[in-house]
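As C-alpha cells, the structure follows; a few thoughts come after it.
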Amino acid sequence: MAYLEGVGITPTQSVEDTAAPVIPAVEGGIDAALLEELWRECDAAAWGLVQGEFNEILIRVGAEQNYGLAAEEIASRRQQAALFRGLRLAGLALARACENGNERAWEHFLALYRQILIRAAIAITGSETLGSDLADQLYAELYGLTERDGKRRCPLDSYRGRGSLVGWLRTTLAQRFVDHHRRSHREQPLEEYDAPAMDPAPAEPAGELTALGKAIEEALRRQDAEERFLLAAYYLDGRTLLEIAQVVGVHEATVSRRLRRVTGGLRKQVLRNLESFGLSRRAAEEALGADPRDLDLNLKKLLQYSQSDAFQEKAAP
Amino acid sequence: MNSTTQLEFHPDAENLNAFAEKALPERERGQILAHLAVCSRCRQVIFLAQEAATKGAAAEVRSGHSEKRIGSWFSGWRLALIPAAALATVVALAILVHVRHEETGTELARVATPVVPQNEGSVTKPSSKEQVNAGKAHAPVSPVAAKNSESDRSVHLADLIDRNARLTHAEANGKVQSATVATASQPILEEAVPSPAPPAGAGAIAPPSAERVVTMTSAASAGQVIDMDQLKPEPVATARLPQRVAGSYSSNATAAYAPRAKTDEMEEREKASRKAEARFDGAGGASTSRLKKNVSPHSSYDASAPLSVVQFETGSETKPSPLPSGLAAVSTVTEQNRTLALDQAGTLFLSEDSGSNWESVARQWAGRAVEVRLQRPGTGSTAVAGVPLAPAPPVAVFEIVNDQNLIWVSMDGRTWKAQ
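These protein sequence lines are chains S and G, in that order. Heads up: the first sequence is residues 8 to 324, going by this note's numbering. Heads up: the second sequence is residues 1177 to 1595, going by this note's numbering.
What follows is the structure, given as C-alpha cells:
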C-alpha cells in the first residue's frame, strides 16, 4: 500500500490508467520496499516461510512472466507492483513453498485444502470412493511423487496465482477426471457419444437441403465466441441457464435473453444465406421448415471443431 | 496453453480457473471463451469445477451453520420455546376450565342438600341424635307437609321426604292409625311392587319381603291397625325407597347443574364418547345401585342422609342423555318400563323399553315444559275424614309442569291434557 502510494498509484486505481512517470525497477530484482510490504500482507511467516524464500519466490514469478511485459521490456516498479497486486500472492507463495518441499508449508496446505480437495473431488466424480481416489491421486502428484526424466515434478509449478489456489485445485481435479474419463471411454468419445448412426447408403440430398446445410454452417461460423459458447453449452452439453450464467458471470436471465437473441439472429442469418444462394424468401422459409433428420449436418461437429483463429494462434507451439 | 495427453491444445488449469474467476483480461478471456465454444472437454472441465465450487460453498455454509448451532444450541431452542409455552398455556387453561366445571357441578349438588329442606318448609333436618334414632327406625320426625315446591329440585325431594316422613311418623307412633299414612305410603309401595295383591290374612303381620310391604299397605288401606313394631323397615323396602328417590332425583340434579356446569361444546364433545357407555336410565340406575351400597337400611329413614348421598353422587356423576335430540335430559321419570324424559329444549321423549328406544311426544302443553314427574294418585282422595277409601288404581299418571307451574297429566305419556 505504501509502496503503491510511493509510486503514485492509489489502491483502487487501475495501473494501466495511471499516467504517473515510469519508475524503473531494480534490474534483476524487485524493489525492497515492495517486497517488504508484500511480505507483511501475505503473512507467510505464520506457516513457516522466511522472508528470503518469499523474496526468491516473487523474483522467480516476476522473471517467469516478465511482469506481464514482452520479453525484452524492463518492468518498472509500478508495473511490478501492478503484477503482484493482481496475483493471489498468499496462495502463490504457499504453492511455491510446497513445490520447494517446505514441510511447514505442506502442513499448512493440508490444513487449508485437504478437506476442500476431497469435497471437490467427490462433487466432480459424484462418488465418494472415486472422489477420494481422485483427491489422493492429485495430492500425490502435488507432493511430487511422480518423476519425469529423473526430476521430481510438481503440478503446483503451473500455478501462477492468477486465480485462487483452491479454484486451481478444483480445475485441476476436473481436468484429471475428464481426461481420465476420456481415456477410459475412448471407444465412445464424448463428442460422438450420441451421434446418429450413419446411413449406409445415404441418398443424394435435395438441392434445397444442401443449401440449407451450407447456410447453417455459414451462419454458425459467423457467430462470435460467446454466442457459440452459449449455443454449445446450452444445446450440446445440456447445461442449465444457471450453470452457464455462473461460468459467464452474468445472471441466468441474461443468459436466457442472449440465447433467444442468438437463435433469432441465427435464423435470420440462415434465411439471408439461403436467399444469397438464390432461393426466394418463401422458399427459404420453407427450407427452414425441413425435417432436421433430412439434413446431412452434424451441428455438434460443426461447433466443436471450429477452432477460433485467435486460440489457434495462441495454442500453436 | 499447455498440451494435454490428447495432443490437443487446451488452456491449462490456471487459465481456466482464472477465466472462471473472472481474473483474466478481456483479450485472454475472449480467447478462452472461443476455445470453450469449440472444446467440449474444457467446457466440461470448467462446468465441473464450477459445480464443485458451488457444492463446496454450500457444504461450508452447512458446516458453518452446524458449528454455530453446536456452539449455541440453546439459541436454536429458544424459538421452539414460544410454541411450547403457548401449548402449555392452552393445556393449563383447558385443565383449569375442566376442573372448574367439575367443581361447579359438585358445589351445586352440595349446595342443593341444605336447600331442599328449606324449600320444603315443613321438613326439618333431623339432628344427629335423631339420625341415630332413625337408624334404629324409631326416630320421631316432624310432621309431613308433602306439597310440591316451586323448585325443580325440591319437588322430588319433597316427594321423597314426604314419603319418608310419613312412614317414619307412622312408625314413631307405633301404629298406623291414620289413613293418610296409609295413602302416603301407598305410592311408594306401589312403585316398589306393582299391582299389589292383598293377602288373605289382611291385618296379619306382613312377611319380611316386598310382599310384606304390600300387605302392610293393604292392611292400612283397609283401615286396620297395624303394629308398627312389626313393620320395621326391611332391607327390601328400604332399598326400594332410595331407588325411587334416585330415579327421580338424579334427573333433577342433572337439570340443576348440567346447563350451568357444562358448556354446549363440552357436552357435544363428550356425548359421543358417553353414548356407548350409558343408557338413558343409566344415571338413575348407577345412582340407585350406589345408593343401595351406601345407604344402610336404617339410615334410609333419615330424610337427609340418603338425600345427601344421592345429591352428591348424582351431581358429580351425571351421565349424558342419549336422547334423540342430543340434549341432556333435565327431568326423567320411570314407571315400570315406561320412561319419560324432558331434554333441555323442553321436548318430551317417551321410551317404553327402559330407555333403549325413544320417541318424541308431540307438544300438547303450553309454555316450556320444565319437569316431568309421576303424580301421586289418590292423594287426598283415598281417605276422607280419616276413613280410608279404596286404594287408587295402580295406574301411573304422568305430570308435566311447565315454566308457569301449570300441570298437564297423561296416563300413557303420549296424550296429555291440562289438569
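Glycine included, C-beta positions come from ideal geometry on N, C-alpha and C.
- With fewer than three CB-CB distances shorter than 8 Å, the segment 246-265 of chain S does not count as touching the segment 225-232 of chain S.
- Beta-bridge analysis with DSSP links G:E1547 to G:V1577.
- Boundaries for G:L1516: no alpha helix (DSSP H) harbours it, while the beta strand (DSSP E) harbouring it runs 1514-1519, taken from the DSSP string.
- Bounds of the beta strand (DSSP E) holding G:V1585 are 1583-1586.
- Assigned with DSSP and collapsed to three states, S:V257 falls in coil, not helix or strand.
- Residue state for S:T179 is assigned as helix, using DSSP reduced to three classes.
- For G:L1518, the closest C-alpha among the options G:D1529, G:A1538, G:K1593 is that of G:A1538.
- Assigned with DSSP and collapsed to three states, S:T132 falls in helix.
- Nearest CB-CB separation between G:E1202 and chain S: not below the 7 Å threshold.
- If you look at G:L1192, you'll find it in the alpha helix (DSSP H) that goes 1189-1196.
- In the DSSP assignment, S:S191 is bridged to no other residue.
- The C-beta separation of G:L1503 from G:L1516 comes to about 15 Å, leaving the pair out of contact by the 8 Å criterion.
- Sorting S:I66, S:R265, S:A181 by C-alpha distance to the C-alpha of S:L41 places S:I66 at the top.
- What G:A1229 touches in chain S, judged by beta-carbon distance under 9 Å, is A127, A130, V173, G174, R177, Q253, going in chain order.
- Judged by DSSP in its simplified three-state form, S:E79 adopts coil rather than helix or strand.
- When Cβ pairs closer than 8 Å are counted between the two stretches, the segment 1191-1199 of chain G is seen to touch the segment 175-186 of chain S, the count reaching three or more.
- Secondary structure of S:A252 (DSSP, three-state): helix.
- Neighbours of S:Y242 in chain G, taken as residues at a C-beta separation under 8 Å, are lacking, since the least C-beta distance is about 12 Å.
- Annotated as distal: S:L124 and S:T132, with beta-carbon spacing of 7 Å or more.
- Across the set S:L163, S:E48, S:A53, S:E114, the C-alpha of S:L163 shows the shortest separation from the C-alpha of S:E106.
- Judged by DSSP in its simplified three-state form, S:R159 adopts strand.
- Interface annotation, S:V185: in contact with chain G, CB-CB separation under 7 Å.
- G:A1233 has a beta carbon lying at 7 Å or more from every beta carbon in chain S.
- The beta-carbon of G:V1267 is placed no less than 7 Å from the nearest beta-carbon of chain S.
- A buried status is given to G:I1576, since no fewer than 16 other beta-carbon atoms sit within 10 Å of its beta-carbon.
- Judged by DSSP secondary structure, S:F91 falls within the alpha helix (DSSP H) whose first and last residues are 84-92.
- DSSP places S:E233 in the helix class (H, G or I) of the three-state scheme.
- Cβ atoms of S:G168 and S:L96 come within 8 Å of each other, at about 6 Å.
- Looking at the DSSP output, G:T1591 bridges to nothing.
- DSSP places S:A294 in the uninterrupted alpha helix (DSSP H) bounded by 288-295.
- Closest in C-alpha terms to S:L273, from the list S:F61, S:E224, S:Q253, comes S:E224.
- Taking each of S:R235, S:L248, S:L101 in turn and checking the Cα distance to S:A118, the smallest one comes out for S:L101.
- About 5 Å separates the CB atoms of G:K1198 and S:G256; that is less than 8 Å, so the two are in contact.
- Of the residues assessed, G:V1214 falls on the buried side of the cut-off, its CB having 16 or more other CB atoms within 10 angstroms.
- S:A127 has its alpha-carbon roughly 27 Å from the corresponding atom of S:L238.
- Residue state for G:S1216 is assigned as helix, using DSSP reduced to three classes.
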